[in-house]
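Asks: As numbered in UniProt numbering, residues 1 to 455 make up the sequence shown, in order. A virtual CB, placed ideally from N, CA and C, is assigned to each residue, including glycine.
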Amino acid sequence: MANISAAARAVVNEVSAPFQLSDNQLVKLTNSMVGEFNTGLRQAGRPVAMVPTYVTHVPHGTEAGTFITIDFIWKDVRISEVTLDGGNKSSRRDKIFVTPKEVVVGTSAEFFDCIATFLDMFIKEFNIRLTPRTPVGLSFPFPVERMDLDKAKLVAWGKAINLQDGPGRNVQDLLQEAFDRKNINLKCGAITNDTVAVLLSESYGHPSDNCHIAAIFGVGTNGAYVEDVVKITKLGTQARPQMVVNTELGAFNNKDILPLTELDHSMEEDSRNPGIHIFEKLVSWIFLGELVRRILVSLGQKAPLVISEAITVGLQHPGSFNSRLLPLIDEAKTSEDVKKILADNFSLNAVNDQETEIFRLVSQLVSGRAIKLCACAVAALITQAGYTTSGRTDRIVVALAGELLVFFPHFKNHLRVALKAILGESVEKRVFFLVAQDAEAIGAALGVYEMERRD
Numbered sequence: 001m002a003n004i005s006a007a008a009r010a011v012v013n014e015v016s017a018p019f020q021l022s023d024n025q026l027v028k029l030t031n032s033m034v035g036e037f038n039t040g041l042r043q044a045g046r047p048v049a050m051v052p053t054y055v056t057h058v059p060h061g062t063e064a065g066t067f068i069t070i071d072f073i074w075k076d077v078r079i080s081e082v083t084l085d086g087g088n089k090s091s092r093r094d095k096i097f098v099t100p101k102e103v104v105v106g107t108s109a110e111f112f113d114c115i116a117t118f119l120d121m122f123i124k125e126f127n128i129r130l131t132p133r134t135p136v137g138l139s140f141p142f143p144v145e146r147m148d149l150d151k152a153k154l155v156a157w158g159k160a161i162n163l164q165d166g167p168g169r170n171v172q173d174l175l176q177e178a179f180d181r182k183n184i185n186l187k188c189g190a191i192t193n194d195t196v197a198v199l200l201s202e203s204y205g206h207p208s209d210n211c212h213i214a215a216i217f218g219v220g221t222n223g224a225y226v227e228d229v230v231k232i233t234k235l236g237t238q239a240r241p242q243m244v245v246n247t248e249l250g251a252f253n254n255k256d257i258l259p260l261t262e263l264d265h266s267m268e269e270d271s272r273n274p275g276i277h278i279f280e281k282l283v284s285w286i287f288l289g290e291l292v293r294r295i296l297v298s299l300g301q302k303a304p305l306v307i308s309e310a311i312t313v314g315l316q317h318p319g320s321f322n323s324r325l326l327p328l329i330d331e332a333k334t335s336e337d338v339k340k341i342l343a344d345n346f347s348l349n350a351v352n353d354q355e356t357e358i359f360r361l362v363s364q365l366v367s368g369r370a371i372k373l374c375a376c377a378v379a380a381l382i383t384q385a386g387y388t389t390s391g392r393t394d395r396i397v398v399a400l401a402g403e404l405l406v407f408f409p410h411f412k413n414h415l416r417v418a419l420k421a422i423l424g425e426s427v428e429k430r431v432f433f434l435v436a437q438d439a440e441a442i443g444a445a446l447g448v449y450e451m452e453r454r455d
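What follows is the structure in structure tokens.
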């Protein structure tokens, strides 16, 4: 804090103190999340739902075939033709279709009709020849209640999709009805979610690594892992010994454990879904920038000599501080670089060195806390998957995806430091990260592959 006066330093320390997390806090949060995992395996209807996915085949890299898949990029739809070559390699043809704004707030029928139209356009554009009733793989990133690999009841919409209806309906039926209305002779096959797709994709691409854990830290927050079926007591008897579980860990809501500050509470109350998915709101890419904005405005209101009124006014609009600015400010080499970022994005042209340093400190404070909380989630998954059991020395392979991983250059390093604090060096040094990119289509294809092997 070389560029900050003693008075400013005192104010910054006061504001930042609640965001500092001790190693003991991280361990307690991890243990509490593991407790919620185990409760969710026993009981239905829990916030951390521990959804049985009915995916019982972890890819070996030998899977082969060509598949049509659907997945979502925010509110838009990507249609893909995925070819698995059986040698842990894949190729694909993709096209992203922009979903009209009115469709994402309309009815579920309009939304799925739009998807069916996109699929039909893709097939015709690429002259794809399909047999009648070819199964289509769907990577579906919204909370569902699973009944089978191809049956999932929608619990709620999220992200940029805010339709008027749909929850309570079978996702397969919604898509199949759209196919039928559009006279498209295909059928909805396997339904995976994006986190499970990451696990499947990375297992296929790195078969010798035994990847049994995946986590996404981006707009959404979630984790999946391979569980022994006998531990999923709410599921009943199943023929296969293991199954991938979609934890829905972003819904972890234990307010006695979560390190919520006054500003976190205000953001939670102002969110679209107050009271739920609280853990996700602490680490989600779409909330980090807004939290930085609120901290800076709070500093300006408490100590106008620390943050000028011009900055407070420039940041007065909710949502105006894009999360993409955090890593840019974090990685800026000089105060002049930070000043340029602020001038370009907020027309703030009279920022002094003290203020630029405060911007940097607050950005690092928010991103640093988020990464530590992400480490709690990864540590909980590692623990739940049995890797911390006494006597185990095997490598722990974790597939990661999401905006935090993409945009924060030091995400993996900081994650590893926090994992060491939570699990100890002997476990942390066994952890190996795989970075997944655009895994949803490949994962959806692998879901269809498993479905076809059952028939």
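Given this structure, state the Cα-to-Cα distance separating alanine 224 from leucine 325, to the nearest angstrom.
Replies: Their backbone Cα atoms lie some 29 angstroms apart in a straight line.
Asks: If you follow the beta strand (DSSP E) that arginine 78 is in, where does it begin and where does it stop?
Replies: Element bounds for arginine 78: 76 to 85.
Asks: Does valine 155 come out as helix, strand or coil in the three-state DSSP assignment?
Replies: Here valine 155 sits in coil by DSSP.
Asks: Which term fits leucine 305, buried or exposed, when burial requires 16 or more other beta carbons within 10 angstroms of its beta carbon?
Replies: Exposed.
Asks: Applying the 10 Å Cβ sphere with the 16-neighbour rule, what's the burial state of valine 11?
Replies: With 16 or more other Cβ atoms within 10 Å, it is buried.
Asks: Counting Cβ pairs closer than 8 angstroms, one from the stretch 290 to 307 and one from the stretch 347 to 359, do we hit at least three?
Replies: With the cut-off at 8 angstroms, the stretch 290 to 307 and the stretch 347 to 359 touch.
Asks: Where does residue 471 land, buried or exposed, given buried means 16+ other C-beta within 10 angstroms?
Replies: Because the chain spans 1 through 455 in this model, residue 471 falls outside it and cannot be assessed.
Asks: In the DSSP assignment, find the unbroken beta strand (DSSP E) run with glutamine 242 in it and report its ends.
Replies: Counting along the chain, the beta strand (DSSP E) containing glutamine 242 begins and ends at 242 to 246.
Asks: Given a cut-off of 8 angstroms on the beta-carbon distance, is the pair isoleucine 79 and leucine 119 in contact?
Replies: It is a contact, given that the beta carbons lie within the stated cut-off.
Asks: At a cut-off of 7 angstroms, would you count leucine 26 as near the ligand SAM, judging by its Cβ distance to the nearest heavy atom?
Replies: This structure lacks the ligand SAM; in fact it carries no ligand of any kind.
Asks: Who are serine 139's beta bridge partners in DSSP?
Replies: Serine 139 pairs with Thr192.
Asks: Restricting to Cα atoms, I'd like to know which of Ile371, Ala445, Asp165 and Arg453 is closest to valine 82.
Replies: It is Ala445.
Asks: For glutamine 384 and asparagine 3, I'd like the C-alpha separation in whole angstroms.
Replies: Their Cα atoms are separated by approximately 45 angstroms.
Asks: Within the chosen definition, does the stretch 108 to 122 reach the stretch 418 to 425 through at least 3 CB pairs nearer than 8 angstroms?
Replies: With a cut-off of 8 angstroms, the stretch 418 to 425 and the stretch 108 to 122 do not count as touching, because too few Cβ pairs lie within range.
Asks: Less than 8 angstroms between the C-beta atoms of glutamine 164 and glycine 106, yes or no?
Replies: Yes.
Asks: Do you know offhand how far isoleucine 73's Cα is from arginine 272's?
Replies: So the alpha carbons of these two residues sit roughly 20 angstroms apart.
Asks: So lysine 234 packs on arginine 42, CB below 8 angstroms; how close in whole Å?
Replies: Right, the Cβ-Cβ distance comes to about 6 angstroms (below 8 angstroms), so this counts as a contact.
Asks: Within 10 angstroms of its Cβ, does alanine 152 collect 16 or more other Cβ (buried), or is it exposed?
Replies: It is buried - the Cβ of alanine 152 has at least 16 other Cβ atoms within 10 Å.
Asks: For glycine 391, I'd like the list of residues in its chain whose CB is within less than 6 angstroms of its CB, leaving aside the five on either flank, ordered along the chain.
Replies: Counting only Cβ-Cβ distances below 6 angstroms, and skipping sequence neighbours, we find nothing.
Asks: Do valine 229 and methionine 243 have their C-beta atoms within less than 8 angstroms of each other?
Replies: The answer is yes: Cβ separation under 8 angstroms.
Asks: Isoleucine 442 lies in the beta strand (DSSP E); which residues open and close that run?
Replies: Taken as a continuous stretch (DSSP letters only), isoleucine 442 belongs to no beta strand (DSSP E), being part of the alpha helix (DSSP H) at 440 to 454.
Asks: If I follow the unbroken alpha helix (DSSP H) through threonine 56, where does it start and stop?
Replies: Element bounds for threonine 56: n/a, residue is neither H nor E.
Asks: Once DSSP output is grouped into helix, strand and coil, what is the label at glutamate 63?
Replies: It is coil, neither helix nor strand.
Asks: Considering only the beta carbon of each residue, do leucine 328 and isoleucine 341 sit closer than 8 angstroms?
Replies: A contact, by the Cβ cut-off of 8 angstroms.
Asks: For threonine 383, does the three-state DSSP call read helix, strand or coil?
Replies: DSSP places threonine 383 in helix when its eight states are reduced to three.
Asks: Run through the DSSP bridge pairs and tell me what phenylalanine 122 is partnered with.
Replies: None; phenylalanine 122 has no bridge partner.
Asks: Assign asparagine 246 to one of two classes, buried (16 or more other C-beta atoms within 10 Å of its C-beta) or exposed (fewer than that).
Replies: So asparagine 246 ends up on the buried side.
Asks: If we ignore side chains and look at the alpha-carbon of each, how far apart do histidine 212 and serine 203 end up?
Replies: So the two alpha carbons sit approximately 8 angstroms from each other.
Asks: Can you tell me which of the three DSSP states lysine 302 falls into?
Replies: Residue state, collapsed to three classes: helix.
Asks: Counting C-beta neighbours from all protein chains within 10 Å, is the total for glutamate 268 16 or more, i.e. buried, or is it exposed?
Replies: When all chains shown are included, glutamate 268 counts as buried.
Asks: Given a threshold of 16 other Cβ atoms within 10 Å of its Cβ, counted over all protein chains shown, does aspartate 264 qualify as buried or as exposed?
Replies: Label assigned to aspartate 264: buried.
Asks: Could you tell me which uninterrupted alpha helix (DSSP H) segments, each at least 4 residues in length, are contained entirely in the stretch 295 to 343, listed from first to last along the chain?
Replies: The qualifying runs are 309 to 314 and 325 to 331.
Asks: According to DSSP, is leucine 373 helix, strand or coil?
Replies: Reduced to three states, the DSSP call for leucine 373 is helix.
Asks: Tell me whether methionine 1 sits in a helix, a strand or coil according to DSSP, three-state version.
Replies: For methionine 1, the predicted model reports a pLDDT of 45, less than 50, meaning its position is unreliable and no value from the coordinates is stated.
Asks: Between serine 298 and leucine 291, what straight-line distance do the alpha-carbon atoms span, to the nearest angstrom?
Replies: Looking at the two C-alpha atoms, the distance is approximately 10 angstroms.
Asks: Counting only runs of 3+ residues fully inside the stretch 221 to 295, write out the beta strand (DSSP E) ranges in chain order.
Replies: If we require 3 residues or more, the beta strand (DSSP E) runs fully inside the stretch 221 to 295 come out as 221 to 228 and 242 to 246.
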